[in-house]
Amino acid sequence: TSYNDGLEVSGSSGTVIGSQDVVDLAGGDNLHIGGDGKDGVYVVVDASDGQVSLANNNSYLGTTQIASGTLMVSDNSQLGDTHYNRQVIFTDKQQESVMEITANVDTRSMTTEHGRDIEMRADGEVAVDAGVDTQWGALMADSSGQHQDEGSTFTKTGAGTLELTASGTTQSAVRVEEGTLKGDVADIFPYASSLWVGDGATFVTGADQDIQSIDATSSGTIDISDGTVLRLTGQDTSVALNASLFNGDGTLVNATEGVT
Numbered sequence: 072t073s074y075n076d077g078l079e080v081s082g083s084s085g086t087v088i089g090s091q092d093v094v095d096l097a098g099g100d101n102l103h104i105g106g107d108g109k110d111g112v113y114v115v116v117d118a119s120d121g122q123v124s125l126a127n128n129n130s131y132l133g134t135t136q137i138a139s140g141t142l143m144v145s146d147n148s149q150l151g152d153t154h155y156n157r158q159v160i161f162t163d164k165q166q167e168s169v170m171e172i173t174a175n176v177d178t179r180s181m182t183t184e185h186g187r188d189i190e191m192r193a194d195g196e197v198a199v200d201a202g203v204d205t206q207w208g209a210l211m212a213d214s215s216g217q218h219q220d221e222g223s224t225f226t227k228t229g230a231g232t233l234e235l236t237a238s239g240t241t242q243s244a245v246r247v248e249e250g251t252l253k254g255d256v257a258d259i260f261p262y263a264s265s266l267w268v269g270d271g272a273t274f275v276t277g278a279d280q281d282i283q284s285i286d287a288t289s290s291g292t293i294d295i296s297d298g299t300v301l302r303l304t305g306q307d308t309s310v311a312l313n314a315s316l317f318n319g320d321g322t323l324v325n326a327t328e329g330v331t
């Protein structure tokens, strides 16, 4: 079901919407959305405490925005045109927003090799189901110019693995509560305000990473991959990090100003 602009989308039937239109989804399964314009067509998931799933082979060219509820994802083509590979955006600071990945989704475009970015304009959670390994682009700052990523939190849950394959710009805090968050390139979130890794969860560098700080209350595992460097650029030196956090054959460097 959709609302806001009077357009209804239901089941797996194809519905064509025009340029500059928005489809707001309050719930539903296997929704198919197509766009006949070349710009401006985007989808907003606003499902409160409900769930929304989209059909495969959706052709809309705009972004996918999650204002509330849970968007279930099992294929990259559900999120619109896979050539342009527009980002998924968490948008509403007042509501809980989740994207749950239920299959091995690789969002990297065969044309550009760049994955779909995840943009932070509010708190957002990515839940990766057990046994799932999924690849996405960068964790990005608010592109609207309003700096809404500042003060927000990106949370990784679920027992599966989320890989970020492009360098990020967000200033959100990053929390790994369950499963694994892995870097596939350097500097996946060098401007994030902090990294917290919970008990039983793992952060894997995968490549050289600049991180402002690690939350000293972390109790999980930070795996510094062989041949990589984890460099802390703004660590609070008044609180010591527990050495048991760190694993792997890479190098940990505290490059915080004033530290020698």
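Using this note's numbering, you'd call the opening residue of the sequence shown number 72 and step up by one each time. Idealized CB from N, CA, C, for every residue including glycine.
Collapsed DSSP secondary structure at Ala-138 in the structure displayed: Translated into the one-based positions of the sequence shown, residue 138 becomes position 67. Note: Ala-138 maps to strand in three-state DSSP.
Please name the residue in Ala-272, Glu-249, Gly-231, Gln-242 whose C-alpha comes closest to that of Asp-258. Mapped onto the sequence shown, residue 258 falls at position 187. Among Ala-272, Glu-249, Gly-231, Gln-242, the Cα nearest to that of Asp-258 belongs to Gln-242.
What does the alpha-carbon distance come out to for the pair Thr-162 and Val-199? As a working note, residue 162 is residue 91 in the sequence shown. As a working note, residue 199 is residue 128 in the sequence shown. Straight-line Cα distance between these residues: approximately 20 angstroms.
In or out: Asp-110 buried (at least 16 other Cβ within 10 Å) or exposed? Here residue 110 refers to the residue found at position 39 of the sequence shown. With a pLDDT of 41 at Asp-110, under the threshold of 50, the predicted position of this residue should be treated as unreliable, though the coordinate-derived value follows. Exposed is the call here.
Alpha carbon of Leu-266 to alpha carbon of Met-170, nearest angstrom: Numbered from its first residue, the sequence shown carries residue 266 at position 195. Numbered from its first residue, the sequence shown carries residue 170 at position 99. Spanning the two alpha carbons is a distance of roughly 20 angstroms.
Who are the near neighbours of Leu-316 in its chain, counting only those whose CB is closer than 8 angstroms to its CB and skipping five residues on each side? Within the sequence shown, numbered from 1, the residue matching residue 316 stands at position 245. Closer than 8 angstroms at Cβ, skipping near neighbours: Val-268, Ile-285, Ser-289, Ser-290, Gly-291, Thr-292, Ile-293.
Checking the sheet assignment: what are the DSSP bridge partners for Phe-161? The sequence position of residue 161 within the sequence shown is 90, counting from 1. By DSSP's assignment, Phe-161 forms a beta bridge with Ile-137, Met-191.
For the beta strand (DSSP E) holding Asn-325, just list the boundary residues, first then last. Walking along the sequence shown from the start, residue 325 turns up at place 254. Note, Asn-325: beta strand (DSSP E), 322 to 325.
Nearest to Thr-322 by CA position, among Gln-280, Gln-306, Gly-305, Asp-307, is which residue? Locating residue 322 in the sequence shown gives position 251, where the first residue counts as 1. The shortest CA-to-CA distance from Thr-322 to any of Gln-280, Gln-306, Gly-305, Asp-307 is the one to Gln-280.
Go ahead and label Thr-183 buried or exposed: buried means 16 or more other beta carbons lie within 10 angstroms of its beta carbon, across all protein chains shown. One-based indexing of the sequence shown puts residue 183 at position 112. Flag for Thr-183 reads exposed.
Can you round the beta-carbon distance between Val-176 and Val-144 to whole angstroms, since I take them to be within the 8 angstroms contact cut? Within the sequence shown, the letter at position 105 stands for residue 176. Within the sequence shown, the letter at position 73 stands for residue 144. Indeed, because the Cβ distance is near 6 angstroms, the residues count as touching under 8 angstroms.
Smallest Cα separation from Gln-136: which of Asp-188, Ala-263, Asn-128, Gly-202? Position 65 of the sequence shown, counting from 1, holds the residue named residue 136. Out of Asp-188, Ala-263, Asn-128, Gly-202, Asp-188 has the C-alpha closest to the C-alpha of Gln-136.
Comparing C-alpha positions only, which one of Ile-282, Ala-244, Thr-240 sits nearest to Thr-224? Against the sequence shown, residue 224 aligns to sequence position 153. Measuring from the Cα of Thr-224, the nearest candidate turns out to be Ala-244.
Out of curiosity, what's the CA-to-CA distance linking Val-114 and Gly-229? Within the sequence shown, residue 114 is the residue found at index 43, counting from 1. Within the sequence shown, residue 229 is the residue found at index 158, counting from 1. Using only the alpha carbons, I get a separation of about 25 angstroms.
Measure the CB-CB distance between Arg-179 and Thr-236 and report whether it falls below 8 angstroms. Walking along the sequence shown from the start, residue 179 turns up at place 108. Walking along the sequence shown from the start, residue 236 turns up at place 165. Closer than 8 angstroms, so yes.
For Ile-172, which residues from the same chain have a beta carbon less than 8 angstroms from its beta carbon, with the 5 sequence-adjacent residues on both sides left out? In the sequence shown, the residue the question calls residue 172 occupies position 101. Cβ neighbours of Ile-172 beyond the five flanking positions: Val-144, Ser-145, Val-197, Ala-198, Val-199, Asp-200, Val-203, Thr-205, Gly-229, Gly-231, Leu-233.
Kindly provide the ranges of any beta strand (DSSP E) runs that are 3 or more residues long and lie completely inside the region 186 to 251, ordered along the chain. Runs of the beta strand (DSSP E) inside the region 186 to 251: 189 to 191, 195 to 199, 204 to 207, 224 to 228, 232 to 235, 244 to 247.
Indicate, with yes or no, if the ligand SAH has a heavy atom lying under 7 angstroms from the CB of Ile-137. In terms of ligand content, the structure shown is empty, and the ligand SAH therefore cannot be addressed.
Distance between Thr-153 and Asn-134 (C-alpha atoms, nearest Å): Here residue 134 refers to the residue found at position 63 of the sequence shown. Here residue 153 refers to the residue found at position 82 of the sequence shown. Reading off the sequence shown, one finds Thr at residue 134, where the question assumed Asn. Those two C-alpha atoms are separated by around 11 angstroms.
Among residues of its own chain, excluding the 5 on either side of Gly-319, which ones have a beta-carbon nearer than 6 angstroms to its beta-carbon? Indexing the sequence shown from 1 puts residue 319 at position 248. Here the set comprises Asp-294, Ile-295, Ser-296.
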